[in-house]
Structure formats: C-alpha cells, structure tokens
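Written out below as structure tokens is the structure these notes cover.
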Amino acid sequence: MAQFGWAFIGTGDIARQVAVQIQKEGSCRIAAVWNRTAERAQAFAEEFGTRAYPTPEEALAAPGVEGAYVCVNASHHAEYVRRCLAAGVPVLCEKPFTLNEADSAALFTMAKERGVYLSEAMWTWHNATALRVKERVQSGALGRIRSVRAVYAFPLISMQKYRGRLLSPEAGGGALLDIGVYPVRYVYELFGAPEEMICRGSLRGGVDLSDRIRMRYQGFEADIFISISRLGGEKLVIRGEKGSIYVPHFHEGKGAVMKCGKEKEVFSDDSLLYGKQFAQVAAEIRAGKKESAFIPAAGTLAVMRLLDACRAQLGLRYPAEE
Numbered sequence: 001m002a003q004f005g006w007a008f009i010g011t012g013d014i015a016r017q018v019a020v021q022i023q024k025e026g027s028c029r030i031a032a033v034w035n036r037t038a039e040r041a042q043a044f045a046e047e048f049g050t051r052a053y054p055t056p057e058e059a060l061a062a063p064g065v066e067g068a069y070v071c072v073n074a075s076h077h078a079e080y081v082r083r084c085l086a087a088g089v090p091v092l093c094e095k096p097f098t099l100n101e102a103d104s105a106a107l108f109t110m111a112k113e114r115g116v117y118l119s120e121a122m123w124t125w126h127n128a129t130a131l132r133v134k135e136r137v138q139s140g141a142l143g144r145i146r147s148v149r150a151v152y153a154f155p156l157i158s159m160q161k162y163r164g165r166l167l168s169p170e171a172g173g174g175a176l177l178d179i180g181v182y183p184v185r186y187v188y189e190l191f192g193a194p195e196e197m198i199c200r201g202s203l204r205g206g207v208d209l210s211d212r213i214r215m216r217y218q219g220f221e222a223d224i225f226i227s228i229s230r231l232g233g234e235k236l237v238i239r240g241e242k243g244s245i246y247v248p249h250f251h252e253g254k255g256a257v258m259k260c261g262k263e264k265e266v267f268s269d270d271s272l273l274y275g276k277q278f279a280q281v282a283a284e285i286r287a288g289k290k291e292s293a294f295i296p297a298a299g300t301l302a303v304m305r306l307l308d309a310c311r312a313q314l315g316l317r318y319p320a321e322e
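And the structure:
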C-alpha cells in the first residue's frame with residue numbers, strides 16, 4: 001500500500017521530531033510543508049525530502065496529500081485547523097487542541113458539518129501501555145482507589161528552543177496548556193471528570209510557570225504538580241486498596257509497573273510513539289472515519305473544559321482570546 005501523505009502546517013521542533021519518526025516508521029510520508037517563515041519551511045523540506053509551499057492552502061492541495069498535521073503555536077491552532085477543514089482535508093492537530101473549549105467545540109462542529117476527520121494529537125493514548133493501565137484501573141484490579149499523584153516538572157524555560165514560546169502569552173505559553181494537559185488528560189481517561197477541581201499557580205508575565213491541581217473524586221483525590229521552571233521529574237502513581245501502578249514518564253507511556261500483593265506485572269511498549277500515532281490516524285482516515293477512536297472529540301472537549309476551569313481560577317487569559 002502506498003504511503004499516506006501528510007501536509008505539515010508548521011515546521012518547529014515538535015514537527016521535526018515527528019518527521020524523524022514518520023520516516024523510521026515507514027507507513028507515512030511528508031508530502032508538503034508550510035511555515036510562515038519561508039526559509040524555515042524550505043530548510044525543513046530539504047531535510048526531509050519534500051516540498052515547501054508559499055501558503056497553507058497550496059500545501060493542502062499538493063499532490064499526494066491525504067491529511068494535515070497542524071503544529072503551530074497553540075494560539076493559532078484554531079485558525080489553521082479551520083483552514084484545513086475549509087479545504088476538506090482531514091486534520092490531526094497538536095495538543096493543546098486550542099486555547100479553550102469554545103474554540104474546540106466550534107472546530108468539531110465544523111468538521112462534523114463538512115464530514116471531515118478531526119482529532120487532537122495526544123500520543124499517550126495511541127500507546128498500548130497507557131491503554132493497559134486504563135484497563136487495569138477500570139477493571140477494579142487495584143480495588144478502591146485511595147490516591148493518585150502526578151508530577152511533570154522540568155525547567156524547560158531554561159532551554160533556548162522552548163523559552164520563547166513557553167514565556168509568550170501571545171503564543172499561548174505556560175505550564176498548564178503545554179504540559180499540564182498530559183496529567184489532566186491521564187486522570188480524566190482513568191476516572192472521568194472530577195466532582196471538583198482546584199488549581200493554584202504562580203504567574204509571571206502573563207503565563208503560568210508552576211501549578212498544583214487537585215481533581216476530587218468520590219473517596220480520593222488526584223494531586224497534580226506541573227512546572228516549566230522547576231525540576232521535579234515525571235511520574236504517575238495510582239494507589240488502591242489492593243495494589244498500585246507506577247508510570248514513569250507517563251506522557252510517553254512506554255512503561256508501567258503494577259504491584260498487587262506479591263504479584264508484579266510490567267507493561268512496556270517500545271514502538272515509535274509519534275510514528276505509531278500517525279500510522280493509526282492515517283489508517284482511520286483511509287477507513288473513512290470522521291473521528292478518532294483513540295482521542296474522540298468528547299474527550300478533548302471535556303479536558304479543554306477542565307483546563308478552562310483551571311485558568312479561570314488562576315486568572316489566566318490569553319491575548320488571542322480578547
């Protein structure tokens with residue numbers, strides 16, 4: 001079968017990581033690219049053996065394009081997803097899907113009206129390890145849940161390639177939308193929407209640097225700490241009356257360990273995470289699906305609603321929302 005052709009709308013660092021894995025995985029190819037800076041688009045195209053186009057619409061209409069990958073700053077996701085949908089091209093949009101639930105809902109409505117596939121790029125839930133953790137928890141293997149703790153904290157703003165975007169309100173920067181979406185989504189996938197959500201954080205220059213989020217459920221709390229300025233590592237621990245599950249680097253979801261009494265079960269998935277995500281989305285698009293079975297619209301909207309609630313408590317609003 002011929003390789004699935006993607007048009008890349010945006011050619012930044014994440015797009016480059018994706019491109020490397022797509023080439024290694026083999027079932028997809030990059031058929032066209034666009035970036036608002038033509039020189040960067042051309043350099044990306046030369047690196048990955050494709051062609052750069054002067055406008056998004058020309059890239060979307062390029063020969064062999066079957067789907068679009070939107071990987072621009074979060075503040076511009078909604079704009080470029082709309083342009084892809086208007087062109088009738090299926091879309092995989094990088095997380096966070098948009099800045100808020102309202103924008104996300106409008107895009108899914110447009111996709112449904114036009115009969116075009118649309119999904120958020122959340123690689124964690126294309127991975128077998130995360131799905132096995134979810135199955136174990138929801139099957140009752142851990143018994144009654146007692147606590148959930150998640151940490152995702154790295155001084156990303158000290159890294160030049162991330163600093164500008166993460167500290168920019170205009171780009172939709174900050175900890176919550178950039179990395180907080182991962183633990184919030186993970187807890188939501190396991191337990192659904194919480195009965196109550198409490199968010200406290202530190203703001204600087206119009207973005208949040210560190211946040212503590214408490215998602216309250218019947219009988220337990222999920223406590224989340226995220227930071228783009230402090231080092232705390234990345235892990236998720238779920239404790240129940242019968243056992244526990246430990247997930248290091250949970251947003252990648254490559255491995256997890258479940259302990260119940262003397263029994264120990266190890267989950268692992270060494271597949272190319274971006275490559276696997278793109279291959280699975282490509283298969284859904286070619287099968288005529290209009291929505292992802294891995295990341296359905298309802299889940300994306302529910303998580304955006306939770307992130308909106310957090311931002312309201314933080315007093316965080318972006319210029320693009322004015």
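Following UniProt numbering, the numbering of the sequence shown begins with 1 at its first residue and continues without gaps.
Positions of the beta carbon are idealized from the N, C-alpha and C atoms, including for glycine.
For clarity, every value in this text was computed on a predicted model and none was experimentally measured.
Alpha carbon to alpha carbon, how far is Val20 from Glu265?
-> 32 angstroms
Nearest candidate by alpha-carbon position, reference Glu252, set Tyr53, Gln42 and Val181 = Val181
For Ser227, collect the residues of the same chain with a Cβ closer than 7 angstroms to its Cβ; drop the 5 residues on either side in sequence, then sort them by chain order.
-> Ala153, Ala175, Leu209 and Ser210
For Cys199, name the three-state secondary structure that DSSP assigns.
-> strand
Specify the secondary structure class of Arg149 as computed by DSSP and reduced to three states.
-> strand
DSSP three-state call for Asp269: helix, strand or coil?
-> coil
Specify the secondary structure class of Glu241 as computed by DSSP and reduced to three states.
-> coil
Residue span of the beta strand (DSSP E) that contains Gly92, given as start and end | Before going on, a small fix: residue 92 reads as Leu here, not Gly. Residues Val91 to Glu94.
Met122 vs Ile295 beta-carbon contact at 9 angstroms = yes
Leaving out five residues on either side along the sequence, give the residues of the same chain with a beta carbon under 6 angstroms from the beta carbon of Phe191.
-> Tyr217
By the 10 Å Cβ neighbour count, where 16 or more other Cβ atoms means buried, how is Asp178 classified, buried or exposed?
-> buried
Provide the residue span of the beta strand (DSSP E) that contains Arg216, from first to last.
-> Val207 to Tyr217
Residue from Ala87, Gly143, Glu189 and Ala7 with nearest C-alpha to Thr50 | Ala7
Bridge-paired residues (DSSP) for Pro155 = DSSP output for Pro155 lists no bridge partner at all.
Buried or exposed (CB count within 10 angstroms, at least 16 for buried), Met304 = buried
With Ile30 as the anchor, note down where its beta strand (DSSP E) starts and where it stops.
-> Cys28 to Trp34
Alpha carbon to alpha carbon, what distance is there between Gly64 and Lys161?
-> 31 angstroms
What separation, rounded to the nearest whole angstrom, lies between the Cα atoms of Tyr69 and Gly255?
-> 27 angstroms
So what does Glu291 bridge to, in DSSP terms?
-> Leu118
Ala45 versus Ala171: straight-line alpha-carbon distance, rounded = 24 angstroms
C-alpha distance - Ser202 paired with Gly219, whole-angstrom precision | 28 angstroms
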